[in-house]
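S.K.: Here you go, one structure.
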Amino acid sequence: MGRSDTMNDRKKSIVLIDDDLQILQTARKLLEQEGFEVHTRNSGFESTNFIAKQNPDLVLLDVNMPFLSGDCLAEIFKTNPQVKGIPIVLFSSNDENTLRKMVMETGALGYISKSEMGAAFAQKVTEFIRRAPRNSA
């Protein structure tokens with residue numbers, strides 16, 4: 067039984083946006099093994115409509131993407147009524163001080179370092195979903 071099964075009967079849904087296909091595949095595999103439903107995008111373009119359609123429990127958002135960075139996307143999401151209530155977690159290899167600052171600036175729930183793509187990765191995602199305002203009741 068995966069971690070998401072213990073939160074309620076419905077699989078928890080995650081949208082993962084990252085321009086690195088290897089990261090997308092690895093993260094998707096780790097999260098699906100824990101029972102999450104994972105939707106991926108390799109670009110921030112048109113992601114607002116995609117996220118609104120999926121209505122995920124959490125968005126994992128890469129910060130360093132070409133053309134439209136994750137922190138800019140997070141700012142866009144904050145102002146769009148279709149997606150502004152969906153929790154965002156920044157997902158990056160940036161240093162912790164930079165990520166903390168970005169979390170404060172964007173209103174993201176927090177961050178996960180790409181260096182944490184091991185066993186603790188799905189556990190961290192689970193904790194963010196539990197802490198997410200829209201999921202606490």
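All residue numbers for the sequence shown refer to this note's numbering, where the first residue is 67 and numbers rise by one.
Ideal Cβ positions, reconstructed from N, Cα and C, are used throughout, including at glycine.
Return the first residue and the last residue of the alpha helix (DSSP H) that S113 is part of.
M.R.: Residue mapping note: residue 113 aligns to position 47 of the sequence shown, counting from 1. Element bounds for S113: 113-120.
S.K.: Taking the C-alpha atoms as reference points, what is the distance between I178 and D86?
M.R.: Along the sequence shown, read from residue 1 onward, the residue named residue 178 stands at position 112. Along the sequence shown, read from residue 1 onward, the residue named residue 86 stands at position 20. So the alpha carbons of these two residues sit roughly 16 Å apart.
S.K.: Could you tell me whether the stretch 160-176 touches the stretch 131-151, using the rule of 3 or more Cβ pairs below 8 Å?
M.R.: Counting Cβ pairs under 8 Å, three or more are found: they touch.
S.K.: Roughly how many angstroms separate the alpha carbons of K167 and D123, rounded to a whole number?
M.R.: Walking along the sequence shown from the start, residue 167 turns up at place 101. Walking along the sequence shown from the start, residue 123 turns up at place 57. The straight-line gap from Cα to Cα measures roughly 23 Å.
S.K.: In this structure, does DSSP put F157 in helix, strand or coil?
M.R.: Here residue 157 refers to the residue found at position 91 when the sequence shown is read from its first residue. In this structure, F157 counts as strand in the three-state DSSP scheme.
S.K.: DSSP on E98, reduced to helix/strand/coil?
M.R.: Numbered from its first residue, the sequence shown carries residue 98 at position 32. E98: helix per DSSP, three-state reduction.
S.K.: At which residues does the alpha helix (DSSP H) containing G151 begin and terminate?
M.R.: Numbered from 1 along the sequence shown, position 85 holds the residue referred to as residue 151. No alpha helix (DSSP H) holds G151; DSSP gives it neither H nor E.
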